[in-house]
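K.L.:
The following block contains the structure, expressed as structure tokens.
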Amino acid sequence: MEQLFSHDELALITAAAEEAGMAPRDWVRGAVLQYLTEDLYEDEPVTAGAPYRPDLEHARWPMTEHCRSGRPLLEVHHAGCWVPKGGERTMTTAQARQALLAGEAGACDACLPERFLTPA
0 MEQLFSHDEL
10 ALITAAAEEA
20 GMAPRDWVRG
30 AVLQYLTEDL
40 YEDEPVTAGA
50 PYRPDLEHAR
60 WPMTEHCRSG
70 RPLLEVHHAG
80 CWVPKGGERT
90 MTTAQARQAL
100 LAGEAGACDA
110 CLPERFLTPA
């Protein structure tokens with residue numbers, strides 16, 4: 000996270016996180032996925048007809064590329080993950096969901112983005 004934000008930004012994030020009673024990484028994750036709404040994130044579908052949070056559809060998903068078995072392997076991360084170093088290309092939620100479901104990309108083992116991108 001230190002590579003994504005300046006020292007001043009980290010200080011502001013830390014202060015906001017402390018005020019909310021959260022860890023800074025959790026606060027950033029909440030800010031990215033919820034646009035700072037008052038709603039708590041829910042892993043379960045909101046309604047039977049809408050399995051994804053509407054604000055989640057506007058998120059961007061960093062993609063890292065690794066060479067495995069002689070071919071490139073794309074890995075999807077959520078924006079609060081510590082694995083991407085910055086500057087990676089990103090996908091929309093719809094593109095990331097399609098890439099995961101089609102097997103064109105794998106999910107990061109650290110942040111487990113499939114929790115947000117695949118139906119429960």
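Residue 119 is where the sequence shown ends in numbering that gives the first Met the number 0, and the numbering goes up by one at each step. Think of the CB as a built atom: it goes at the ideal place given N, C-alpha and C, for glycine as much as any other residue. Remember, it's a predicted structure, so these values are computed and weren't measured experimentally.
1) From this set, ALA78, LEU73 and LYS84, which residue's C-alpha is nearest GLN97's C-alpha?
2) Compare the C-beta of TRP26 against all C-beta atoms of chain D and say whether one is closer than 8 Å.
3) Along the alpha helix (DSSP H) that carries HIS6, what are the first and last residues, could you check?
4) Evaluate the contact criterion for the segment 3-16 versus the segment 62-70: three or more CB pairs, one atom per stretch, below 8 Å.
5) Could you check where the beta strand (DSSP E) with GLU74 kicks off and where it finishes?
6) Am I right that VAL82 and ALA109 are in contact with their C-beta atoms under 8 Å? What's the rounded C-beta distance?
7) Going by other Cβ atoms of all chains shown within 10 Å of its Cβ, with 16 needed for buried, is LEU99 buried or exposed?
8) Provide the residue span of the alpha helix (DSSP H) that contains THR125, from first to last.
P.N.:
Result, derived from the coordinates:
1) For this step, residue 97 is matched to residue 98 along the sequence shown. The candidate whose alpha carbon is nearest that of GLN97 is LEU73.
2) Absence of chain D from the displayed structure is noted, only one protein chain being present.
3) Taking the first residue of the sequence shown as position 1, residue 6 is located at position 7. Its alpha helix (DSSP H) spans residues 6-19.
4) no
5) Here residue 74 corresponds to residue number 75 of the sequence shown, with the count starting at 1. Start and end: 70-75.
6) To locate residue 82, count along the sequence shown from 1; it is residue 83. To locate residue 109, count along the sequence shown from 1; it is residue 110. Right, their Cβ atoms sit about 5 Å apart.
7) The residue you call residue 99 lines up with position 100 of the sequence shown. Using a 10 angstroms sphere on the CB of LEU99, the tally of other CB atoms reaches 16 or more, which defines it as buried.
8) Within the shown structure, residues of the chain are numbered from 0 to 119, placing residue 125 beyond reach of any answer.
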